[in-house]
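**Student:** Residue numbers (the working numbering), protein chains in the order written: chain U, 8 to 232; chain B, 8 to 232.
Ideal Cβ positions, reconstructed from N, Cα and C, are used throughout, including at glycine.
Can you keep this structure in mind? I'll have questions shortly.
2 protein chains.
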Amino acid sequence: MRRITVLLAEDHTVVREGLRKILEQEDDLEVVGEAGNGRRAVTLVKKLRPTVVVMDISMPLLNGLEATRQVLKAVPSTKIIILSAHNDDAYVKNATESGAVGFLLKQASSYDMCRAIREVNRGRVVFGPFKAKFLYEGEQESLDRAGRTKPRNSHLTSREVEVLQLIAEGNANKQIAAELGVGMKTVEGHREHLMEKLNIHGIAGLTRYAIGAGIIESSVQLTII
Amino acid sequence: MRRITVLLAEDHTVVREGLRKILEQEDDLEVVGEAGNGRRAVTLVKKLRPTVVVMDISMPLLNGLEATRQVLKAVPSTKIIILSAHNDDAYVKNATESGAVGFLLKQASSYDMCRAIREVNRGRVVFGPFKAKFLYEGEQESLDRAGRTKPRNSHLTSREVEVLQLIAEGNANKQIAAELGVGMKTVEGHREHLMEKLNIHGIAGLTRYAIGAGIIESSVQLTII
DNA sequence: GTGGACATTGGTAAAACACCCCATAGCGAA
DNA sequence: TTCGCTATGGGGTGTTTTACCAATGTCCAC
């Protein structure tokens, strides 16, 4: 029997290792790789060609949704399950639009996760357990897995989203350029473009926007002060 | 040999079950209970009397820090390790003030977690890996497990909170100075002080912190990506 | 094939920020 | 009273951001 190959993309090491332990106890599942950030996830999928990717949304360098788009662009047959701590409709909708075929809450059990992996492997779509109205009301072409990025009229290009995330994570242009492997002027260009598109001029505003848009997360709520 | 009894307090089920799998593979560790929220953690500690509690900060009903205080009030001998995704000094300090004897990042490995459990069981304090200057420079009575409220010396002053809020709202130093009716150098001074206290250097990080601390809210816009 | 969107890079310049140094005054605690 | 914290100010230096300008090449859609 050929086992289902799985790649784990989750930035918290102890959590990722725990997920691996769970999957290792299933005879039909095989963890072939782990990624601690979204960019590495894309690289490893190209290299390892796993059947299924379990992808956390919140990851440094490249968030799970953007990583999903890039993975599907490179290897469209990959089945991607988004793992999220949040149950907002917007997250689910973004996940479907990114091309993921599964959405799993961290509140779900390990049994749910294993089952979801088997389901997407069989070609099914697994979104739940929660209301998934977005999947049926409105445009299905969001689910287009053919490859091309959707006509996200609204706005930011894929590259601009990447830069936005890196800015909101506190990286300077120089660091972003190094991370993306491009020149600093390129990064500046993307920054200018997205600032003009969003009509937000300043790091603080961009950071708040990124958090509100779910591109990154803020810190946990604590009333420290 | 008597095994070290551990209680897991973490609201994300799949994550919690993964942590359990990790600990189950250690001969000297025994998971005696799991809690999905802080309040249940307190209840279970009273009932099960575990030696060590691995406690997530972000949990429903009762956050990990408040749960820690209540646990130690009821069973002072309990060794509590705070599990956090965030590395801000403020979180570490809050953890120490709550009475926890360990602080572990989720970025840590499963090996780190097991070792931390063994260390606190031996009566040691485990905070790392990161700079924990607050533990040594300044008052050690932070570690006081008796329960008394500590004088809040490392907290931001009210002026610094004002400046932090204005920064996170996107104001430049000049605007902040005008708003507060002080000189620009004064604002710069406050900015430097609070950055050093929080060990956060940069507008993006400060903004994320301010949102996480509830000082400001992120503009919740949806489905933009 | 042509136009348009996108990604890429270059120049220039002003403004803002980050990180040091320092001082004064008030105010409360040891 | 002395010490420490806080708030207020100042000087200087180097880096980073922001905002303009311009250009090239790719790729897709019409």
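Give every residue of the same chain whose Cβ lies closer than 7 Å to the Cβ of Val127(B), excluding the five residues on either side of it in the sequence, and list them in chain order.
**Tutor:** Counting only Cβ-Cβ distances below 7 Å, and skipping sequence neighbours, we find Val59, Lys86, Ile88, Val108, Gly109 and Val133.
**Student:** Are the Cβ atoms of Val22(U) and Ile124(U) separated by less than 9 Å?
**Tutor:** Against a cut-off of 9 Å, the Cβ pair of Ile124(U) and Val22(U) comes out as no contact.
**Student:** For Met66(B), does the count of other Cβ atoms within 10 angstroms reach 16, so buried, or fall short, so exposed?
**Tutor:** Buried: at least 16 other Cβ atoms inside 10 Å.
**Student:** Measuring only the C-alpha atoms, how far is Leu79(U) from Asn101(B)?
**Tutor:** Cα to Cα, Leu79(U) sits roughly 42 Å from Asn101(B).
**Student:** How is the alpha helix (DSSP H) around Val235(B) delimited, first residue to last?
**Tutor:** Only positions 8 to 232 of chain B appear in this structure, which leaves residue 235(B) out of reach.
**Student:** Quickly, what does DSSP pair Glu37(B) with across the bridge? List them, please.
**Tutor:** DSSP output for Glu37(B) lists Thr12(B) as bridge partner(s).
**Student:** Which chain B residues are close to Ile174(U), counting only those with a beta carbon under 9 Å from its beta carbon?
**Tutor:** Going along chain B in sequence order, the residues near Ile174(U) (Cβ under 9 Å) are Ala211.
**Student:** One question on the structure: do Val45(U) and Gly71(U) come within less than 9 Å of each other, judged by their Cβ atoms?
**Tutor:** Looking at the sequence shown, residue 45(U) is not Val but Gly. In this structure, Gly71(U) lies closer than 9 Å to Gly45(U) by Cβ.
**Student:** From which residue to which residue does the beta strand (DSSP E) around Ser91(U) run?
**Tutor:** Per DSSP, Ser91(U) belongs to the beta strand (DSSP E) from Lys86 to Ser91.
**Student:** So, are the CB atoms of Met202(U) and Leu213(U) less than 9 Å apart?
**Tutor:** The answer is yes: Cβ separation under 9 Å.
**Student:** Give the DSSP-derived three-state secondary structure of Val133(B) in the structure shown.
**Tutor:** Strand.
**Student:** Can you say whether Gly130(B) is buried or exposed, counting buried as having 16 or more other CB atoms within 10 angstroms of its CB?
**Tutor:** Exposed, since its Cβ has fewer than 16 Cβ neighbours within 10 Å.
**Student:** Thinking C-alpha only, which one of Leu55(U), Leu171(U) and Val189(U) is nearest Gly258(U)?
**Tutor:** Past the edges of chain U, shown from 8 to 232, lies residue 258(U), and the structure says nothing about it.
**Student:** With DSSP as the reference, label Ala42(U) as helix, strand or coil.
**Tutor:** It is a strand residue.
**Student:** Can you tell me which residues form a DSSP beta bridge with Gly109(U)?
**Tutor:** Answer is Ile88(U) and Val133(U), bridged to Gly109(U).
**Student:** Determine the DSSP secondary structure at Ile29(B), reduced to helix, strand or coil.
**Tutor:** In the structure shown, Ile29(B) sits in a helix (DSSP, three-state: H, G or I).
**Student:** Nearest to Thr193(U) by CA position, among Asp18(U), Ser117(U) and Glu167(U), is which residue?
**Tutor:** Considering only alpha carbons, the answer is Glu167(U).
**Student:** Could you work out which residues of chain B lie near Ser84(U), taking near to mean beta carbons separated by less than 8 Å?
**Tutor:** In chain order: nothing, as chain B lies at least about 23 Å away.
**Student:** So, Asn180(U) versus Glu195(U), is the Cβ gap smaller than 9 Å?
**Tutor:** Contact flag set, yes.
**Student:** So, does the CB of Lys53(U) fall closer than 9 Å to a CB anywhere in chain B?
**Tutor:** Taking Cβ atoms only, chain B never reaches closer than 9 Å to Lys53(U), which makes this a no.
**Student:** Flag Val22(B) as yes if its beta-carbon sits less than 9 Å from any beta-carbon of chain U, otherwise no.
**Tutor:** For Val22(B), the answer is yes, since a Cβ of chain U falls inside 9 Å of its Cβ.
**Student:** Can you have a look at Ser165(U) and say buried or exposed, based on whether 16 or more other CB atoms are within 10 angstroms of its CB?
**Tutor:** Answer is exposed; the Cβ neighbour count stays below 16.
**Student:** If we cut at 9 Å on Cβ distances, does Gln77(U) have a partner in chain B?
**Tutor:** So, not an interface residue.
**Student:** Rounded to whole angstroms, what's the CA-CA distance from Ile11(U) to Asp63(B)? Just pull it up for me.
**Tutor:** C-alpha separation (whole angstroms): 32 Å.
**Student:** Contact criterion: CB-CB distance below 9 Å. Does His19(U) meet it with respect to chain B?
**Tutor:** Interface residue, yes.
**Student:** Could you give the DSSP three-state label for Ile207(B): helix, strand or coil?
**Tutor:** Coil.
**Student:** For Asp18(U), count neighbouring Cβ atoms within 10 angstroms of its own Cβ and tell me buried if that reaches 16, exposed if not.
**Tutor:** The residue is buried, with at least 16 neighbouring Cβ atoms inside 10 Å.
**Student:** In terms of alpha-carbon separation, which member of Gly209(B), Gly219(B), Arg215(B) and Asp34(B) lies closest to Cys121(B)?
**Tutor:** Ranking the options by Cα distance to Cys121(B), first place goes to Asp34(B).
**Student:** Under 9 Å between the Cβ atoms of Ile210(B) and Ile174(B)?
**Tutor:** Cβ atoms of Ile210(B) and Ile174(B): closer than 9 Å.
**Student:** Is the Cβ of Ala16(U) closer than 9 Å to any Cβ of chain B?
**Tutor:** With 9 Å as the cut-off, Ala16(U) does not count as an interface residue toward chain B.
**Student:** According to DSSP, simplified to helix, strand and coil, what is Asp18(B)?
**Tutor:** The answer is coil: DSSP assigns Asp18(B) none of H, G, I, E or B.
**Student:** Start and end of the alpha helix (DSSP H) containing Gly71(U)?
**Tutor:** Element bounds for Gly71(U): Gly71 to Ala81.
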